[in-house]
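Asks: Handing you this structure, nothing more for now.
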Amino acid sequence: FEFGEDEDSVIVADLDAFQQYLDRHFSKIRRYLNNPEDVKPPFRLQGNILMKLLVEGLLVTPNAPFGDRWFAVMVDEVEHFEEYQQRVLNSRIKQIKQSDRVTYRYFLRHEGLRTPSTIADEDQIIQEAHDFRTMKLDEGLPHGVFERHAISVSGRQLQLNPYLGSLRLADLQGDLTLLFASITPEEEAQRLLSLSKRRGDPLREELLRLHNKLPQQFIEWMDKESPILRRVVAVILLNQGKSAEQVVSSFEQWNDQAKNWYHNYSRAGLFWLLSLYGRSKLYAGLEQILMLSGSNLRYFLEYCRAIVEEWIVAGSGNDSIATLVLPISVGIQDRAIRSRAQFYIDDLRGKPRYAEQLLNLVKRLGSVFQLAHRSPRQSQFEINHFTIADYDPLRQQDLANWLRECRMENVLLRQPGNKQKSLVDDRLDDWVLHPCFAPCFEISPRRKKKLDDLASSDLAVLFDGGVDDYEKLFGRYKRKFGQEPISGQGQEATMPELFEDEAD
7 FEFGEDEDSV IVADLDAFQQ YLDRHFSKIR RYLNNPEDVK PPFRLQGNIL MKLLVEGLLV
67 TPNAPFGDRW FAVMVDEVEH FEEYQQRVLN SRIKQIKQSD RVTYRYFLRH EGLRTPSTIA
127 DEDQIIQEAH DFRTMKLDEG LPHGVFERHA ISVSGRQLQL NPYLGSLRLA DLQGDLTLLF
187 ASITPEEEAQ RLLSLSKRRG DPLREELLRL HNKLPQQFIE WMDKESPILR RVVAVILLNQ
247 GKSAEQVVSS FEQWNDQAKN WYHNYSRAGL FWLLSLYGRS KLYAGLEQIL MLSGSNLRYF
307 LEYCRAIVEE WIVAGSGNDS IATLVLPISV GIQDRAIRSR AQFYIDDLRG KPRYAEQLLN
367 LVKRLGSVFQ LAHRSPRQSQ FEINHFTIAD YDPLRQQDLA NWLRECRMEN VLLRQPGNKQ
427 KSLVDDRLDD WVLHPCFAPC FEISPRRKKK LDDLASSDLA VLFDGGVDDY EKLFGRYKRK
487 FGQEPISGQG QEATMPELFE DEAD
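What follows is the structure, given as structure tokens:
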């Protein structure tokens with residue numbers, strides 16, 4: 007803080023008196039910092055005088071090397087400042103004059119500017135276009151643009167890192183598809199066939215349980231059809247009420263209708279198939295890592311770094327680290343990705359504001375989305391976001407605060423609706439659970455379908471409701487997505503234990 011004389015300032019004649027004056031003044035500062043709303047600020051704003059003096063001194067240096075320069079003060083982590091502290095910074099911005107040769111730069115996350123007010127006047131605020139410009143570095147980039155940028159940055163890091171260079175990763179020349187092995191949905195489904203030899207065929211068992219009067223033509227087609235996801239999609243279509251004759255006819259001809267069905271439901275069907283087998287989804291491949299990052303370069307690099315470190319650890323038993331095999335296997339990637347995703351959940355406990363509410367939302371909302379991904383109907387596939395039709399941020403202040411914190415902490419990504427008429431009209435917005443959490447709930451990181459029946463009261467339960475209220479909400483969505491006993495398990499999908507770690 008800059009501070010000058012106040013009404014208690016006196017001229018002191020000796021060192022002891024001056025020491026007492028400093029102690030008294032610093033006590034006022036400490037009292038203000040601990041009680042900013044109730045204590046008068048013990049300082050006087052001086053119109054950027056310190057920076058002005060610095061610039062004036064630089065401008066008069068011999069030969070005037072700074073004569074045509076402007077000076078920037080860069081302030082990082084502004085979102086962690088309290089509101090009254092941000093008001094002090096805002097006052098600096100508001101008081102800038104061209105003759106000062108000084109400008110300020112804030113670095114902060116989404117929604118990190120908690121107040122536009124200054125301390126000079128209650129009605130004085132900083133405004134977009136007049137006092138500052140917003141630069142969004144990790145939001146709104148088309149997927150292709152972000153992919154090229156992420157690959158360029160990570161490829162350059164590989165080349166510059168001396169240790170990784172010794173592993174010949176730099177030879178990839180930025181082609182990360184050569185670094186990360188990938189697996190298609192059909193290949194992942196085919197891996198389950200080895201289990202069917204020991205446990206029977208869970209898909210066939212579930213088909214016969216749900217549809218006990220199938221025409222022989224459909225059963226014969228299922229027995230001879232090689233691509234397993236085509237069989238899965240066919241069963242999903244039966245669960246939706248389509249006739250077996252229509253489904254078989256379309257798939258045997260492989261006409262446009264069958265291709266559209268397969269395109270819409272094959273990836274979603276994999277999640278249901280995995281639940282039948284009791285297996286986990288594999289998260290691997292460059293495309294998957296890009297989606298998990300949520301178009302955020304920091305998340306992308308953290309996932310890449312975690313995978314490379316896991317790969318090195320997995321090969322540490324070799325005689326020479328140079329024998330590490332490329333591309334990095336799907337299993338190694340999956341372990342590293344899951345570990346990193348769990349870190350992002352655990353990290354919520356240390357957030358400075360609303361940590362309990364943020365953790366509740368991720369666990370509860372992720373579990374609801376998990377129900378949708380395990381649905382035998384998949385009428386709404388790969389659900390991982392929602393809208394709130396009755397949301398009113400002016401009346402529902404708690405929700406507004408929680409949603410704002412979610413955006414700032416990358417818990418939710420907000421996608422503005424294309425018919426939005428004002429900045430405060432959030433009713434048409436899509437709120438996306440950040441894809442980095444997807445591996446913790448066995449859900450898709452792709453933004454495909456959404457919950458369109460989530461009311462603001464439901465969202466309040468997800469954030470801060472009691473266990474009983476959430477059980478009712480969870481049961482409602484269990485019925486909505488047709489969750490019934492899974493063959494071989496003998497029990498319904500149950501609500502996950504959300505609070506066992508908090509009780510320890």
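Mind the numbering: the sequence shown is residues 7 to 510 in this note's numbering, read in order.
Glycine included, C-beta positions come from ideal geometry on N, C-alpha and C.
Would ASN245 pass as a contact of ARG139 if the rule is Cβ separation under 8 angstroms?
Replies: No, Cβ-Cβ distance for ASN245 and ARG139 is not below 8 angstroms.
Asks: Among all the DSSP beta bridges, which residues are the ones paired with ARG420?
Replies: For ARG420, which the question treats as bridged, DSSP gives the partners TRP437.
Asks: If you draw a straight line from the C-alpha of ASN407 to the C-alpha of ALA444, how long is it?
Replies: Cα to Cα, ASN407 sits roughly 24 angstroms from ALA444.
Asks: Under 7 angstroms Cβ to Cβ from PHE456, same chain only, skipping five residues before and after it: list those, please.
Replies: Just to set this straight, residue 456 is Lys in the shown sequence, not Phe. Closer than 7 angstroms at Cβ, skipping near neighbours: ILE389, HIS391, PHE392, THR393 and ASP436.
Asks: What residue range is occupied by the uninterrupted beta strand (DSSP E) comprising TYR110?
Replies: Here the beta strand (DSSP E) through TYR110 covers 108–112.
Asks: What residue does the alpha helix (DSSP H) around MET80 start on, and which one ends it?
Replies: Taken as a continuous stretch (DSSP letters only), MET80 belongs to no alpha helix (DSSP H), being part of the beta strand (DSSP E) at 77–81.
Asks: Where does HIS116 sit, in a helix, a strand or coil, going by DSSP?
Replies: Here HIS116 sits in coil by DSSP.
Asks: Please report the straight-line C-alpha distance between ARG120 and PRO68, rounded to a whole angstrom.
Replies: Spanning the two alpha carbons is a distance of roughly 43 angstroms.
Asks: Which whole runs of the alpha helix (DSSP H) in the region 182–260 are 4 residues long or more, in chain order?
Replies: If we require 4 residues or more, the alpha helix (DSSP H) runs fully inside the region 182–260 come out as 191–196, 199–205, 208–216, 222–230, 234–245 and 250–259.
Asks: Do the region 304–317 and the region 204–215 touch if we need at least three Cβ pairs shorter than 8 angstroms?
Replies: Because the criterion of three Cβ pairs below 8 angstroms is not met, the region 304–317 and the region 204–215 do not touch.
Asks: How many whole angstroms separate the CB atoms of LEU367 and VAL438, which I take to be in contact at a CB cut-off of 8 angstroms?
Replies: Between VAL438 and LEU367 the Cβ distance is about 13 angstroms, and since that is not below 8 angstroms, they are no contact.
Asks: Starting from the C-beta of GLY73, find all residues in its chain whose C-beta is less than 8 angstroms away, skip the five residues before and the five after it, and write them out in chain order.
Replies: If we look at GLY73 and ignore the five residues flanking it on each side, its Cβ neighbours are LEU65.
Asks: Given this structure, state the Cα-to-Cα distance separating LEU220 from ALA250, to the nearest angstrom.
Replies: Taking the straight line joining both Cα atoms gives about 7 angstroms.
Asks: Taking contact to mean 3 or more Cβ pairs, one atom from each stretch, closer than 8 angstroms, check whether the region 444–454 and the region 463–483 are in contact.
Replies: Contact between the region 444–454 and the region 463–483 is absent, because fewer than three Cβ pairs lie under 8 angstroms.
Asks: Residues in the same chain with beta-carbon distance under 8 angstroms from GLU43, minus the five sequence neighbours each way, listed in chain order, please.
Replies: Cβ neighbours of GLU43 beyond the five flanking positions: TYR90.
Asks: Report yes if the C-beta distance between LEU282 and ALA195 is below 8 angstroms; otherwise report no.
Replies: No. Outside cutoff.
Asks: I need the DSSP call for LEU457, collapsed to helix, strand or coil.
Replies: In the structure shown, LEU457 sits in a strand (DSSP, three-state: E or B).
Asks: Is DSSP giving GLU43 helix, strand or coil here?
Replies: Of the three classes helix, strand and coil, the one that applies to GLU43 here is coil, per DSSP.
Asks: Give the straight-line distance between the Cα atoms of LYS142 and VAL151, rounded to the nearest whole angstrom.
Replies: Rounded to the nearest angstrom, the two C-alpha atoms are 14 angstroms apart.
Asks: When burial is assigned at 16 or more other CB atoms within 10 Å of the CB, is PRO422 buried or exposed?
Replies: Exposed: under 16 other Cβ atoms inside 10 Å.
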